[in-house]
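Residue 13 in UniProt numbering sits at position 13 of the sequence shown, with consecutive numbering throughout. For every residue, glycine included, the Cβ atom is placed at its ideal position computed from N, Cα and C. Treat the numbers as computed from the prediction; the structure is a model and nothing was measured. Data first, discussion second: the structure below is written as structure tokens.
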Amino acid sequence: MFFQDVVSEKMPLSRMSRILFRVISRLVQPRWSQDGQFSISNVSLLVLDLSAEHYPTHALDVLPCLACFPSILTNFLYDFYTNVILVNMTTPQQLVWFITGTTSTLGFGAHLVSTALSRGDLVIATGRSQEKLDKLLEKHGRTDNLRVLQLDVTSSPDIVKDVVNQAVAFWGRIDVAVNNAGNGELGLIEETDTSAMRRQFETNLFGPVEVMKAILPHMRPRRSGTIVVLGSRSIWIGETPGLVHYSASKAALHAMAEGLASEVSHLGIRVLLLAPGAFRTDIYSNSPFHQDNFISDYDDLRAACTKRFAGIAGHEPGDPVKAMEALVDVVRGEGVAVGKKWPEPGTSLLLGNDAERDFYKRFEKLKAAVSEWTDVVRGMWYPDNAI
Ligand SMILES: NC(=O)c1ccc[n+]([C@@H]2O[C@H](COP(=O)([O-])OP(=O)(O)OC[C@H]3O[C@@H](n4cnc5c(N)ncnc54)[C@H](OP(=O)(O)O)[C@@H]3O)[C@@H](O)[C@H]2O)c1
């Protein structure tokens, strides 16, 4: 963020220098205290990291600030020039996005392609249908900044890896991987064939897992990258009849993304878990309501569910364009994200008033249930472990 300010000349050099000194001190301290020698590899990493964190700068912008610290500068100026500047001078701040599920006309994925391209970024858009991908290319005037690859996220791990490798070959890296592909398998649990639940998890959980496992080997060596996961506020309304297959898969996806965030943060890789409310995409048109085994006891409930779901499509309050603009802002540290902390592992970025409302409702409900049952909750431990 501060490099962005320097470039736009909003931040005085003195403040920039103080911040930079703190960062450098933190990074190089262990090396100094061990043998009194200064290791430039730390600083190379620092500068490259800043580049990878998408601050619109290159090493030359940093150099005047380093001049404030002559002892550091004299120790590594030569290496700094040869090893760092050359790399950064040839690396403009243009992110490479890899996005799954970009082929539905109104979907988050298609909007994200447009938004990322409009910021000058490079996009690899993937989708199940080559015909739809060709249409996407047409829509964007077959710009060089957009490449497409066919990918069904439920394909075998080898196919997923192959597609990711092809994607990396386009521009040499993937900076941001967006696990967007998803759908809903609606229906009441007892009336729906279990295969629907399995399919739901294949698309919404195992697909993203395979995509991430294929992409991480490319991000780890660079100690840089952002993984975006499209979760859902449905995890806080799991009690909604008919939505269970979907909300269960998204709950598992949330847990997976939260764990992943902790596992890869030390590698310089960030995970952004989004929890959107209802947005006006094609999702409800693409989500079948299963009625595999009719059970008359569910007649009224089934009728209420189908009526409710049929009434949602086209009336969702959320604007997907706004959501994707916000996503790009957050990833780039621009616009709505300026001055905000990256959502920590264990949290998600809620999108939409309905997401916020449902989150707090669930939170209050859980709190009330814990209070009601406190004596039972707290009556389980061995006496020597009492809080
Ligand atoms: N819209 C909402 O209210 C909302 C809320 C919370 C979370 N989300 C999540 O946001 C993501 C995007 O959904 P959306 O709302 O934009 O819905 P959408 O308009 O229906 O788009 C979903 C996209 O995912 C693709 N897809 C589905 N299964 C796939 C597979 N196996 N492999 C590759 N692509 C696949 C679809 O491809 P085809 O074009 O081939 O059908 C489509 O392009 C989903 O993960 C969804 O769960 C949506």
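Quiz item: Do residue 238 and ligand 1 come close, with the Cβ less than 7 angstroms from some heavy atom?
Solution: For the purposes of this step, residue 238 is taken as the residue at position 238 of the sequence shown. The answer is no for residue 238.
Quiz item: DSSP on residue 130, reduced to helix/strand/coil?
Solution: Counting from 1 along the sequence shown, the entry for residue 130 is found at position 130. DSSP places residue 130 in helix when its eight states are reduced to three.
Quiz item: Whole-angstrom Cβ separation of residue 436 and residue 178, contact assumed at under 8 angstroms?
Solution: No information on residue 436 is available, as it lies outside the stretch 1 to 387 that the chain covers here.
Quiz item: In terms of alpha-carbon separation, which member of 363, 282, 337 lies closest to residue 110?
Solution: Locating residue 110 in the sequence shown gives position 110, where the first residue counts as 1. Comparing Cα positions, the closest option is 282.
Self-check item: Helix, strand or coil at residue 241 [DSSP, three-state]
Solution: The residue labelled residue 241 in the question sits at position 241 within the sequence shown. Here residue 241 sits in coil by DSSP.
Self-check item: Integer-rounded CB distance, given that residue 245 should sit under 8 angstroms from residue 203
Solution: By 1-based counting over the sequence shown, the position of residue 203 is 203. By 1-based counting over the sequence shown, the position of residue 245 is 245. For a cut-off of 8 angstroms, the C-beta gap from residue 203 to residue 245 is around 10 angstroms, too long to register as a contact.
Quiz prompt | residue 319 vs residue 280 beta-carbon contact at 8 angstroms | solution = Residue numbering aside, residue 319 sits at position 319 when the sequence shown is read from its first letter. Residue numbering aside, residue 280 sits at position 280 when the sequence shown is read from its first letter. In this structure, residue 319 places its C-beta atom within 8 angstroms of the C-beta atom of residue 280.
Exercise. Would you kindly work out how many angstroms separate the C-alpha atoms of residue 186 and residue 346, rounded to a whole number?
Key: By 1-based counting over the sequence shown, the position of residue 186 is 186. By 1-based counting over the sequence shown, the position of residue 346 is 346. Separation of residue 186 and residue 346 (C-alpha to C-alpha, rounded to the nearest whole angstrom) is 27 angstroms.
Quiz item: Can residue 252 be considered in contact with ligand 1, in the sense that its beta carbon sits closer than 7 angstroms to one or more heavy atoms?
Solution: Here residue 252 refers to the residue found at position 252 when the sequence shown is read from its first residue. For ligand 1, not one heavy atom lies less than 7 angstroms from the Cβ of residue 252.
Quiz item: Quick one: does residue 204 have its CB under 8 angstroms from some CB of chain D?
Solution: No chain D is present in this structure, which holds just one protein chain.
Practice problem: Spatial neighbours of residue 182 within its chain, please: CB distance less than 7 angstroms, with the 5 preceding and 5 following residues excluded, ordered by chain position. | Solution: As a working note, residue 182 is residue 182 in the sequence shown. If the five residues before and after residue 182 are omitted, its C-beta is found closer than 7 angstroms to the C-beta atoms of 101, 203, 204, 230, all from its own chain and listed in chain order.
Exercise. For residue 290, name the three-state secondary structure that DSSP assigns.
Key: Walking along the sequence shown from the start, residue 290 turns up at place 290. If DSSP states are grouped into helix, strand and coil, residue 290 belongs with the strands.
Quiz item: Tell me the DSSP bridge mates of residue 150?
Solution: As a first step, residue 150 must be located in the sequence shown, where it is residue number 150. Residue 150 pairs with 127.
Quiz item: In its own chain, which residues sit with a C-beta less than 8 angstroms from the C-beta of residue 308, not counting the 5 before and 5 after it?
Solution: On the sequence shown, position 308 is the one that residue 308 refers to. Within the same chain, 242 come within 8 angstroms of residue 308 by CB-CB distance, once the 5 residues on both sides are set aside.
Exercise. Could you give the DSSP three-state label for residue 142: helix, strand or coil?
Key: Looking up residue 142 in the sequence shown gives position 142. If DSSP states are grouped into helix, strand and coil, residue 142 belongs with coil.
Quiz item: Considering only the beta carbon of each residue, do residue 253 and residue 349 sit closer than 8 angstroms?
Solution: For this step, residue 253 is matched to residue 253 along the sequence shown. For this step, residue 349 is matched to residue 349 along the sequence shown. Contact flag unset, no.
Quiz item: Is the closest heavy atom of ligand 1 to the C-beta of residue 183 under 7 angstroms?
Solution: Counting from one through the sequence shown, the residue named residue 183 turns up at place 183. For ligand 1, at least one heavy atom lies less than 7 angstroms from the Cβ of residue 183.
Quiz item: If you run the structure through DSSP and keep just helix, strand and coil, what is residue 209?
Solution: Here residue 209 is taken as the residue at index 209 of the sequence shown, counted from 1. Reduced to three states, the DSSP call for residue 209 is helix.
Quiz item: Beta carbon of residue 115: closer than 7 angstroms to some heavy atom of ligand 1?
Solution: On the sequence shown, residue 115 is found 115 positions in, with the first residue counted as 1. Result no, Cβ not under 7 angstroms from ligand 1.
Quiz item: How many angstroms separate the CA atom of residue 339 from the CA atom of residue 333?
Solution: Translated into positions along the sequence shown, residue 339 becomes position 339. Translated into positions along the sequence shown, residue 333 becomes position 333. Separation of residue 339 and residue 333 (C-alpha to C-alpha, rounded to the nearest whole angstrom) is 8 angstroms.
Quiz item: Taking 7 angstroms as the cut-off, does the CB of residue 327 come closer than this to any heavy atom belonging to ligand 1?
Solution: Indexing the sequence shown from 1 puts residue 327 at position 327. False, no ligand heavy atom lies under 7 angstroms from that Cβ.
Quiz item: Any heavy atom of ligand 1 closer than 7 angstroms to the Cβ of residue 170?
Solution: Here the question's residue 170 lines up with position 170 in the sequence shown. With a cut-off of 7 angstroms, the C-beta of residue 170 is classified as distant from ligand 1, since no heavy atom of the ligand falls inside that distance.
Quiz item: Per the contact definition of three or more C-beta pairs closer than 8 angstroms, is the segment 295-302 in contact with the segment 353-366?
Solution: The answer is no - the segment 295-302 does not touch the segment 353-366, with fewer than three Cβ pairs under 8 angstroms.
Exercise. Please state if the CB of residue 369 and the CB of residue 317 are separated by a distance shorter than 8 angstroms.
Key: Translated into positions along the sequence shown, residue 317 becomes position 317. Translated into positions along the sequence shown, residue 369 becomes position 369. Not a contact, by the Cβ cut-off of 8 angstroms.
Quiz item: Within 10 angstroms of its Cβ, does residue 312 collect 16 or more other Cβ (buried), or is it exposed?
Solution: As a position in the sequence shown, residue 312 is number 312, starting the count at 1. Residue environment analysis places residue 312 among the exposed positions, since fewer than 16 neighbouring C-beta atoms fall within 10 angstroms of its C-beta.
Quiz item: Cβ of residue 221 versus every heavy atom of ligand 1: is any distance shorter than 7 angstroms?
Solution: Locating residue 221 in the sequence shown gives position 221, where the first residue counts as 1. It does not: the Cβ of residue 221 is nowhere closer than 7 angstroms to a heavy atom of ligand 1.
Quiz item: residue 250: buried (16+ other C-beta within 10 angstroms of its C-beta) or exposed?
Solution: As a first step, residue 250 must be located in the sequence shown, where it is residue number 250. Classification of residue 250: buried, given that the 10 Å Cβ count is 16 or more.
Quiz item: Going by the C-beta, is residue 167 closer than 7 angstroms to any heavy atom of ligand 1?
Solution: Translated into positions along the sequence shown, residue 167 becomes position 167. It does not: the Cβ of residue 167 is nowhere closer than 7 angstroms to a heavy atom of ligand 1.
Quiz item: Which residues mark the beginning and the end of the alpha helix (DSSP H) in which residue 302 is found?
Solution: If you number the sequence shown from 1, residue 302 lands on position 302. Segment 299-310, the alpha helix (DSSP H) holding residue 302.
Exercise. Determine which residues share a DSSP beta bridge with residue 97 and list them.
Key: Sequence index remark: in the sequence shown, residue 97 carries index 97 (1-based). Residue 97 is bridged to 123, 176.
Exercise. Return the Cβ separation of residue 113 and residue 146 in integer angstroms, given the expectation that the two are a contact with Cβ distance under 8 angstroms.
Key: In the sequence shown, residue 113 corresponds to position 113, counting from 1. In the sequence shown, residue 146 corresponds to position 146, counting from 1. Cβ-Cβ separation between residue 113 and residue 146: approximately 7 angstroms, consistent with a contact (criterion under 8 angstroms).
Self-check item: Minimum C-alpha distance to residue 218 - residue among 322, 194, 117, 173
Solution: For this step, residue 218 is matched to residue 218 along the sequence shown. Considering only 322, 194, 117, 173, the residue with the shortest C-alpha distance to residue 218 is 173.
Quiz prompt | Close beta carbons around residue 168, own chain, < 7 angstroms, minus the five adjacent residues each side | solution = Mapped onto the sequence shown, residue 168 falls at position 168. If we look at residue 168 and ignore the five residues flanking it on each side, its Cβ neighbours are 174, 218.
Exercise. Taking 8 angstroms as the cut-off, decide whether the C-beta atoms of residue 207 and residue 153 are in contact.
Key: Here residue 207 corresponds to residue number 207 of the sequence shown, with the count starting at 1. Here residue 153 corresponds to residue number 153 of the sequence shown, with the count starting at 1. Yes; because the gap between Cβ atoms is below 8 angstroms, this pair is in contact.
Self-check item: residue 336 vs residue 326 beta-carbon contact at 8 angstroms
Solution: As a position in the sequence shown, residue 336 is number 336, starting the count at 1. As a position in the sequence shown, residue 326 is number 326, starting the count at 1. Contact flag set, yes.
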